[in-house]
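Only one structure is covered here, and it is reproduced in the block below.
Chains as they are written, first to last, in the working numbering: chain G, 674 to 891; chain L, 4 to 250.
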């Protein structure tokens with residue numbers, strides 16, 4: 674809506690000035706037409722646009738209010754579907770860009786990433802292998818520990834036996850000594866006993882003689 | 004004719020208000036042929052951005068990636084993923100094509116929205132996204148057509164043309180028509196979306212210069228990305244379709 678309003682205001686304003694500027698505007702328009710006709714002839718809309726241009730020029734010549742000359746220029750050049758050499762050039766540029774990007778980006782970085790991937794996978798596999806190795810090593814360590822323990826216990830047993838033997842030997846020796854001393858002491862005691870019994874016998878005989886002497890008075 | 008003039012007038016007023024120059028080109032002459040200079044200039048900038056950033060980021064790849072390399076690795080993974088889901092296991096050789104399509108269209112679209120092209124004044128026309136021009140989109144679409152024909156022919160030889168009578172020979176005309184509709188829809192979808200997006204933003208900016216156009220600009224960025232993805236995905240899908248075996 675606003676567009677329409679502005680359009681009407683814009684369209685109303687030009688004629689007040691246009692009368693004085695008919696000559697200067699019409700001259701460049703002719704030159705524009707001369708330039709534009711061959712260009713238009715290339716496009717497919719030749720008949721339509723040329724007829725439009727004719728009417729436009731007619732309209733501009735008779736009443737400037739309907740179509741200002743600048744409009745003719747814009748319509749003539751508004752070429753949205755203007756195919757030309759740009760298309761193959763862009764194709765070529767694109768192909769060159771593709772080759773260049775492939776050389777400096779896709780292939781090197783892709784290879785690099787793939788290599789890194791495989792390296793990481795290899796390392797991961799290696800880690801799994803080493804876990805087996807670690808198991809083996811652990812088993813080895815356990816075996817070594819077992820052997821060491823056995824050794825130690827054997828040594829301990831041996832030492833125990835040795836010390837026990839020694840102690841028993843010593844004990845036996847002591848016992849023998851003690852027994853010998855005991856025997857000696859007993860033998861001595863017996864001897865003394867016999868001696869004292871002997872002396873007692875003699876004394877008894879003496880005493881009995883004495884008693885007899887005393888009791889039996891003569 | 005009156006109707007034509009009326010519509011022309013409203014169009015003209017729209018142009019005046021928005022200040023956008025639709026379908027105006029800055030022509031160069033190359034050997035008697037005309038080219039759209041603004042498209043070429045912006046496409047060179049886009050290509051320079053792509054090559055420069057790729058060289059910078061991938062120059063010296065590290066095992067543990069840092070910022071730039073990380074981003075480019077992410078992009079490559081994304082492109083590989085798109086190619087793989089559409090083409091299948093033999094996606095490898097097509098990664099450069101799909102990737103370049105995606106990156107070129109994506110950077111082109113975003114350059115139209117983000118780079119201040121309007122600062123550089125041209126004698127005629129104006130700088131905008133390269134995908135804003137029908138030549139670019141048709142070029143890319145035609146390359147896609149060539150690519151999927153090449154894919155099918157190299158995979159199956161002349162047996163590739165057997166797909167035209169595949170479900171039943173009655174569908175032959177439709178199958179042939181498909182080869183024309185594919186590039187047509189590809190190119191016009193991209194062209195229309197980007198042109199409409201830029202037009203909407205420009206018209207809104209000229210009507211309400213502050214705040215209001217910002218959501219539309221973000222929407223435009225979103226649309227641009229989506230369009231790049233759609234183009235690349237469809238191209239990959241067409242290639243995959245022509246390579247897949249119909250036993």
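Ideal Cβ placement from N, Cα and C applies to all residues, glycine included.
Check: Limits of the unbroken alpha helix (DSSP H) element including residue 32 (chain L); Outcome: From DSSP, residue 32 (chain L) is part of no alpha helix (DSSP H) but of the beta strand (DSSP E) over 30-33.
Check: Contact set between residue 143 (chain L) and chain G, taken where Cβ atoms lie within less than 9 Å; Outcome: 763, 764, 767
Check: Three CB pairs or more closer than 8 Å across the stretch 205-218 of chain L and the stretch 155-172 of chain L; Outcome: no
Check: Contact belief for residue 109 (chain L) with residue 231 (chain L) at Cβ below 8 Å, rounded distance in angstroms; Outcome: 4 Å
Check: For residue 882 (chain G), the three-state DSSP class (helix, strand or coil); Outcome: helix
Check: Counted within 10 angstroms of its Cβ, other Cβ atoms place residue 771 (chain G) as buried (16 or more) or exposed; Outcome: buried
Check: Delimiting residues of the alpha helix (DSSP H) encompassing residue 72 (chain L); Outcome: 70-90
Check: Straight-line Cα distance separating residue 75 (chain L) from residue 85 (chain L); Outcome: 15 Å
Check: Residues that residue 64 (chain L) contacts on chain G, provided the C-beta gap is smaller than 8 Å; Outcome: 781, 782, 785
Check: Alpha carbon of residue 208 (chain L) to alpha carbon of residue 53 (chain L), nearest angstrom; Outcome: 29 Å
Check: Rounded C-alpha distance that separates residue 715 (chain G) from residue 786 (chain G); Outcome: Because residue 715 (chain G) sits at a pLDDT of 44, beneath the cut-off of 50, its placement in the model cannot be relied upon, and the following sentence gives the value as read from the coordinates. In a straight line, the C-alpha of residue 715 (chain G) is about 52 Å away from that of residue 786 (chain G).
Check: Residue 825 (chain G) versus residue 849 (chain G): straight-line alpha-carbon distance, rounded; Outcome: 35 Å
Check: Interface flag, residue 69 (chain L) vs chain G, CB-CB below 9 Å; Outcome: no
Check: Minimum Cβ-Cβ distance from residue 800 (chain G) to chain L less than 9 Å; Outcome: no
Check: Beta-carbon proximity of residue 133 (chain L) to residue 203 (chain L), cut-off 9 Å; Outcome: no
Check: Given 8 Å, three or more beta-carbon pairs between the stretch 127-143 of chain L and the stretch 178-191 of chain L; Outcome: yes
Check: Helix, strand or coil at residue 215 (chain L) according to DSSP, with G and I counted as helix; Outcome: coil
Check: Residue 812 (chain G) versus residue 827 (chain G) - alpha carbon distance; Outcome: 22 Å
Check: Whole-angstrom distance between residue 154 (chain L) and residue 166 (chain L), CA atom to CA atom; Outcome: 13 Å
Check: Three-state class that DSSP yields for residue 65 (chain L) in the structure shown; Outcome: coil
Check: Neighbour flag for residue 832 (chain G) against chain L, beta carbons, 9 Å; Outcome: no
Check: Paired residues, beta bridge with residue 37 (chain L) - DSSP; Outcome: L:32
Check: Min CB distance residue 755 (chain G) to chain L below 9 Å; Outcome: yes
Check: Chain G within 9 Å of residue 46 (chain L), Cβ atoms only; Outcome: yes
Check: CA-to-CA distance, residue 113 (chain L) to residue 201 (chain L), given in whole angstroms; Outcome: 11 Å
Check: Residues from the stretch 111-138 of chain L in contact with chain C, defined by Cβ distance under 9 Å; Outcome: Of the protein chains in this structure, namely G and L, none is chain C.
Check: Near-chain G residues of the stretch 85-108 of chain L (beta-carbon distance less than 9 Å), N- to C-terminal order; Outcome: 95, 98, 99, 100, 102, 103, 104, 106, 107
Check: Closer than 9 Å to chain G by CB, residue 50 (chain L); Outcome: yes
Check: Exposure label - residue 144 (chain L); buried when at least 16 CB within 10 Å; Outcome: buried
Check: Closer than 9 Å to chain L by CB, residue 807 (chain G); Outcome: no
Check: DSSP-derived helix/strand/coil call for residue 761 (chain G); Outcome: helix
Check: Contiguous alpha helix (DSSP H) assignments of at least 4 residues, all confined to the stretch 166-210 of chain L; Outcome: 175-210
Check: Residue 128 (chain L), enclosing alpha helix (DSSP H) - first and last residue; Outcome: Run containing residue 128 (chain L): none; DSSP gives neither H nor E here.
Check: Neighbour flag for residue 818 (chain G) against chain L, beta carbons, 9 Å; Outcome: no
Check: Burial state of residue 135 (chain L), where buried means 16 or more other Cβ atoms lie within 10 Å; Outcome: buried
Check: Separation of residue 791 (chain G) from residue 198 (chain L), as counted between CA atoms; Outcome: 45 Å
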